[in-house]
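Using this note's numbering, the letters of the sequence shown correspond one by one to residues 1175 to 1521. Ideal placement from N, C-alpha and C gives every residue a C-beta, glycine not left out. To start, the structure under review is shown below, and the notes come after it.
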Amino acid sequence: MRHRFALILAASIAGLFQPAALAAQSRDVEVRVRLESSDGTRLSGALVALLDSAHRVVAEGVSDGDGSRLFRAPPGSYVIRVRRIGFLPFVSPGVLLPRTNDIVLRVESARVALRTVTVTSRSKCGAIDRNERQFSVLWDEIAKALRTSQLSARDLAGVAEAFVYRTQLAKTGAVVSSDTTFHPVRGKPFGMVDPGVLAAQGYVRGDARAGWTYYGPDEAVLLSDHFAETHCFRIVRDRKRSGEVGIDFKPVSGRPVADIAGVLWVDEGTAELRELVFRFVNAGVLDRFSPGGSTQFRRVPSGAWIVDSWMVRAPVLSATDRTFGVLAANGSVVDGGGMRMREPLPR
1175 MRHRFALILA ASIAGLFQPA ALAAQSRDVE VRVRLESSDG TRLSGALVAL LDSAHRVVAE
1235 GVSDGDGSRL FRAPPGSYVI RVRRIGFLPF VSPGVLLPRT NDIVLRVESA RVALRTVTVT
1295 SRSKCGAIDR NERQFSVLWD EIAKALRTSQ LSARDLAGVA EAFVYRTQLA KTGAVVSSDT
1355 TFHPVRGKPF GMVDPGVLAA QGYVRGDARA GWTYYGPDEA VLLSDHFAET HCFRIVRDRK
1415 RSGEVGIDFK PVSGRPVADI AGVLWVDEGT AELRELVFRF VNAGVLDRFS PGGSTQFRRV
1475 PSGAWIVDSW MVRAPVLSAT DRTFGVLAAN GSVVDGGGMR MREPLPR
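The following block contains the structure:
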């Protein structure tokens, strides 16, 4: 029985800046923002955004290894918002563009405390309520990591190459076959699927005769309104994951299409997103065989935050009669991929 996997993880956005038209682009001015801590250390890997007078994001990017980010924006008055994983947001005083010199910001903000976050027995459905402080603080840390990974997909200078693999396993778990392909990274390591399409059509499509296609969630999906509107959330801990706290998610009651449920796990000491573990649900006969997957995240030396590796696991099924009424598992297929980092140059 055929299986198809959609490789939609670690997808990048189409562009960092979205001027309204080419005419507006010609009037844009450049400004470089450099971030420093209170002791003068350059701050890399931070989300930096220009906000207009209505606090709308005009441009956003990730600070590089030197703590800098170059922006293009129309002349006007702005504030600069800095979001760092593990810290509360920082917002600068107002700045005027154009200007002749760089903007140097001494960023001082308090650390986020996650060790005191307690589990919740009841799920909350829909978008995270900003008034629910524990949910809001924990989700903000997850969202910062996902957004940084999303933007960093356009700046992967430290990545030597990406790879994808397929491994077929017997019922016993023994490896039947395995194949890995390496390829250069050119902007988008993997493809992506529109979050609205997944919400409407489901994360698993197909049938016993034609086979199934499985879609795992990428950063754009997890950050989308479609995902928030179709899932319920609660804070969880697990004795097997000491030092971590997670947000558990599951589809809202009555979802008519195949969906995903899982947990986003965060290091409670550093507030860094570590892993997404998920399973496919509402998938009919497939629910008996527990298909699912995971995604691991990491910070690279430049400060960028990326998807380090991912995998999707699905059963290999066969029909016991000609009507495909009864299916049996003969093993499983694991499709995955990841990034191989460049070796540091010898000093």
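For this session: Tell me whether THR1322 is buried or exposed, calling it buried when 16 or more other Cβ atoms sit within 10 Å of its Cβ.
Result: What you label residue 1322 is simply residue 148 of the sequence shown in a count that begins at 1. Counting Cβ neighbours within 10 Å, THR1322 comes out buried, since at least 16 surround it.
For this session: Determine the DSSP secondary structure at HIS1400, reduced to helix, strand or coil.
Result: Here the question's residue 1400 lines up with position 226 in the sequence shown. It is helical.
For this session: Going by DSSP, name the residue or residues bridged to ILE1421.
Result: The residue given as residue 1421 occupies position 247 in the sequence shown. DSSP output for ILE1421 lists ILE1409 and LEU1438 as bridge partner(s).
Problem set entry | Rounded straight-line distance, which links the Cα of GLU1446 to that of VAL1278 | As a position in the sequence shown, residue 1278 is number 104, starting the count at 1. As a position in the sequence shown, residue 1446 is number 272, starting the count at 1. Their Cα atoms are separated by approximately 26 Å.
Exercise. Going by the CB atoms, is the gap between PHE1337 and GLY1511 shorter than 7 Å?
Worked result: Residue numbering aside, residue 1511 sits at position 337 when the sequence shown is read from its first letter. Residue numbering aside, residue 1337 sits at position 163 when the sequence shown is read from its first letter. In this structure, PHE1337 lies closer than 7 Å to GLY1511 by Cβ.
For this session: For ASP1276, collect the residues of the same chain with a Cβ closer than 6 Å to its Cβ; drop the 5 residues on either side in sequence, then sort them by chain order.
Result: Counting from 1 along the sequence shown, the entry for residue 1276 is found at position 102. ARG1206 and ARG1208, listed in sequence order.
Exercise. On the three-state DSSP scale, how would you describe THR1215?
Worked result: For the purposes of this step, residue 1215 is identified with residue 41 of the sequence shown, where counting begins at 1. Three-state DSSP puts THR1215 in coil, outside helix and strand.
Problem set entry | Uninterrupted beta strand (DSSP E) stretches inside the segment 1362-1389 (no shorter than 3 residues) | 1378-1381 and 1385-1389
For this session: Pick out whichever of LEU1450, SER1506 and MET1515 has its Cα sitting closest to the Cα of SER1351.
Result: Within the sequence shown, the letter at position 177 stands for residue 1351. Ranking LEU1450, SER1506 and MET1515 by Cα distance to SER1351 puts SER1506 first.
Problem set entry | Stretch-stretch touch, CB-based, cutoff 8 Å, three pairs: the segment 1207-1223 with the segment 1234-1248 | yes
Problem set entry | Among VAL1451, ARG1415 and ASP1461, the one whose alpha carbon lies nearest that of ASP1441 | Your numbering for residue 1441 matches position 267 in the sequence shown. Checked all of VAL1451, ARG1415 and ASP1461; the closest Cα to ASP1441 is ARG1415.
Exercise. Which one or two residues does DSSP pair with LEU1501 in a beta bridge?
Worked result: Counting from one through the sequence shown, the residue named residue 1501 turns up at place 327. Answer is ALA1493, bridged to LEU1501.
Exercise. Buried or exposed: which applies to PRO1272, given that a residue is buried once 16 or more other Cβ atoms fall within 10 Å of its Cβ?
Worked result: Counted from its first residue, the sequence shown places residue 1272 at position 98. It counts as exposed.
For this session: Below 8 Å on the Cβ atoms is my guess for PHE1423 versus ARG1448; work out the distance and round it to an integer in Å.
Result: Position 249 of the sequence shown, counted from the start, is the residue given in the question as residue 1423. Position 274 of the sequence shown, counted from the start, is the residue given in the question as residue 1448. About 16 Å; that fails the 8 Å criterion.
Exercise. Of all the options SER1266, SER1326 and LEU1501, which has the alpha carbon lying nearest to the alpha carbon of ILE1480?
Worked result: Walking along the sequence shown from the start, residue 1480 turns up at place 306. The residue with the shortest Cα to Cα distance from ILE1480 is SER1326.
Exercise. Counting only beta-carbon atoms, is VAL1378 nearer than 7 Å to chain D?
Worked result: Reference to chain D is not applicable here, since this structure consists of a single protein chain.
Problem set entry | Own chain residues within Cβ distance below 6 Å of ALA1284, not counting five before or after | Here residue 1284 refers to the residue found at position 110 of the sequence shown. Here the set comprises LEU1262.
Exercise. What is the C-beta distance between PHE1452 and PHE1309, in whole angstroms, given that I count them as a contact (C-beta under 8 Å)?
Worked result: Here residue 1452 refers to the residue found at position 278 when the sequence shown is read from its first residue. Here residue 1309 refers to the residue found at position 135 when the sequence shown is read from its first residue. The Cβ separation is near 19 Å, so there is no contact.
Problem set entry | Where the beta strand (DSSP E) through GLU1282 begins and ends | Counting from one through the sequence shown, the residue named residue 1282 turns up at place 108. Here GLU1282 belongs to no beta strand (DSSP E), and DSSP marks it neither H nor E.
Exercise. In terms of residue numbering, what span does the alpha helix (DSSP H) encompassing ARG1307 cover?
Worked result: Within the sequence shown, numbered from 1, the residue matching residue 1307 stands at position 133. Element bounds for ARG1307: 1307-1326.
Exercise. Near THR1404, which residues of its chain fall below 8 Å by C-beta distance, leaving aside the five closest residues on each side in sequence?
Worked result: For this step, residue 1404 is matched to residue 230 along the sequence shown. Taken in chain order, the residues that qualify are ALA1373, PRO1425, VAL1426, ARG1429 and ASP1433.
Problem set entry | Spatially closest choice to THR1494 from ARG1383, GLY1390 and THR1387, by CA coordinates | Counting from one through the sequence shown, the residue named residue 1494 turns up at place 320. Checking every option, the nearest Cα to that of THR1494 belongs to ARG1383.
Problem set entry | Cβ shell of PHE1463 (< 6 Å), same chain only, five flanking positions each side left out | Taking the first residue of the sequence shown as 1, we reach residue 1463 at position 289. Closer than 6 Å at Cβ, skipping near neighbours: PRO1489 and ALA1503.
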